[in-house]
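Residues in the sequence shown are numbered consecutively from 10, following the working numbering.
All C-beta atoms in this analysis are idealised placements derived from N, C-alpha and C, irrespective of residue type, glycine included.
These numbers come from a predicted model, not from an experiment.
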Amino acid sequence: MKFAFSTLGVPGLPVSDVLRLAVAHGYHGVEVRAHPEEPVHPGLSPDERTAVAAEFKAAGVEILGIAGYARVAAPGDDEPVLDEIRGLVGLARDLGAPFVRVFPGGSEEQPDADTDAVAARRLGTAAEHAADLGVRILVETHDSHRTGADVIRIIGPVGHRQVGALWDVMHTWLGGEQPQDTYAALSPFLGYVQVKDIVSAEDTTPLALGDGVLPLAESVEVLTRNGWDGWLCWEYEKRWYEAAEPLEGLLDAGRAHLGRLLNDSA
10 MKFAFSTLGV
20 PGLPVSDVLR
30 LAVAHGYHGV
40 EVRAHPEEPV
50 HPGLSPDERT
60 AVAAEFKAAG
70 VEILGIAGYA
80 RVAAPGDDEP
90 VLDEIRGLVG
100 LARDLGAPFV
110 RVFPGGSEEQ
120 PDADTDAVAA
130 RRLGTAAEHA
140 ADLGVRILVE
150 THDSHRTGAD
160 VIRIIGPVGH
170 RQVGALWDVM
180 HTWLGGEQPQ
190 DTYAALSPFL
200 GYVQVKDIVS
210 AEDTTPLALG
220 DGVLPLAESV
230 EVLTRNGWDG
240 WLCWEYEKRW
250 YEAAEPLEGL
260 LDAGRAHLGR
270 LLNDSA
């Protein structure tokens, strides 16, 4: 497996500094948070996109994915959601990233069946554009669809190779789903896996990998046992927890911990 970290852990850090951290601490890739407050976002000009892609290539670091905030099951018209996804897919294509992350984002006021149908319809439309650009759209286990069983209700009916799943181990755990059950649900569609650690179910302050309560060892063991050989991306949510310890000082130990988990599960 290959290791990456998310720029959510180093909010606002210039691309050159992100790459310096990745190279210095032995990470193969970076998940890029695509938000206007960050250095990389869909508003970049063609020249700016070319420059970012060149920086990553020169450093020998891969852009794992573009972490967007489109909500595929959100109430309202389809076109604003599709426009947002198209912008993210175009950015991913220009930067050479294989994946775009989207959220479910369903409303509590909508019946589950209606929410699932809306999301599947939008993803089916977006998938055609993504296929033309060689990018895969991944629905993260998150918010209204926290577990693998939830997400499969959306992506299963789409039935398109360019639509898959992103497994966030925190949300499936908070949803009460066991790692083996998440993998069973998502394995045919799995793009990559976000790992992290937190204090507790009631306190999701990010911690160094291995210092919290999340079932990281069990999740890695399930992936290894089933021969999955993709990306593990450390999503350290520093952006939302300013008092959390800086990610920079944790990267070496985090990579070492993931390496031990892989060795122990081999």
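Could you please give me the residues that DSSP links to residue i through a beta bridge?
i    : result
A76  : R42, R110
Y201 : L175
I161 : DSSP output for I161 lists no bridge partner at all.
E71  : G38
I207 : P215
H154 : H151
Could you pull the start and end residues of the beta strand (DSSP E) that residue i belongs to?
i    : result
S239 : Checking the displayed sequence, the identity of residue 239 turns out to be Gly instead of Ser. G239 -> no beta strand (DSSP E), and no H or E assigned at all.
W176 : 172-177
R145 : 145-149
Near residue i, what residues of its chain come up, given a Cβ to Cβ distance below 6 Å and the 5 sequence neighbours on each side ignored?
i    : result
A31  : V39, V70
A139 : V98, I146, Q171
G219 : H266
Q203 : D177, C242, E244
A62  : L104, G105
S228 : V178, P188
Tell me which same chain residues have a C-beta within less than 8 Å of the C-beta of residue i, skipping the five on either side of it?
i    : result
E257 : V19, L30
A275 : T233
V167 : A129, L132, G133, A136
L142 : V98, G99, A101, R102
Would a C-beta distance cut-off of 7 Å place residue i and residue j closer than the cut-off?
i    : j    : result
V231 : Y192 : yes
F14  : Y36  : yes
D87  : R131 : yes
G115 : S153 : yes
A79  : V111 : yes
A217 : L270 : no
R162 : D125 : yes
G21  : P51  : no
G239 : A194 : no
R42  : D103 : no
I75  : V27  : no
L17  : R248 : yes
D206 : G221 : yes
T281 : T181 : The question about residue 281 has no answer here: the residues shown for the chain are numbered 10 through 275.
What are the boundary residues of the alpha helix (DSSP H) that residue i is part of?
i    : result
S15  : Unbroken run through S15 is the beta strand (DSSP E), 11-15; no alpha helix (DSSP H).
L132 : 121-142
S274 : 260-274
Q187 : Taken as a continuous stretch (DSSP letters only), Q187 belongs to no alpha helix (DSSP H), as it is neither H nor E.
L91  : 87-104
S116 : Per DSSP, S116 belongs to no alpha helix (DSSP H) and is neither H nor E.
S196 : Premise fails: S196 is in no alpha helix (DSSP H) and is neither H nor E.
Ignore the nearest five residues each way along the sequence and tell me which others in residue i's own chain have a CB closer than 7 Å to its CB.
i    : result
L91  : R131, T134, A135
D261 : H34
P23  : P48
F198 : I164, G173, A174
A210 : L183
Could you tell me whether any non-hydrogen atom of the ligand ATP is closer than 6 Å to the CB of residue i?
i    : result
E227 : As presented, the structure is devoid of all ligands, the ligand ATP included, so that no description of it is given.
State the CB to CB distance for the pair residue i and residue j, rounded to an integer number of angstroms; the pair is presumed to be in contact (CB under 8 Å).
i    : j    : result
P215 : E246 : 5 Å
V148 : V160 : 5 Å
R144 : P107 : The identity of residue 144 in the sequence shown is Val, whereas the question assumes Arg. Indeed they touch by this definition, with Cβ atoms about 7 Å apart.
Residue i CB to nearest chain D CB: under 7 Å?
i    : result
C242 : No chain D is present in this structure, which holds just one protein chain.
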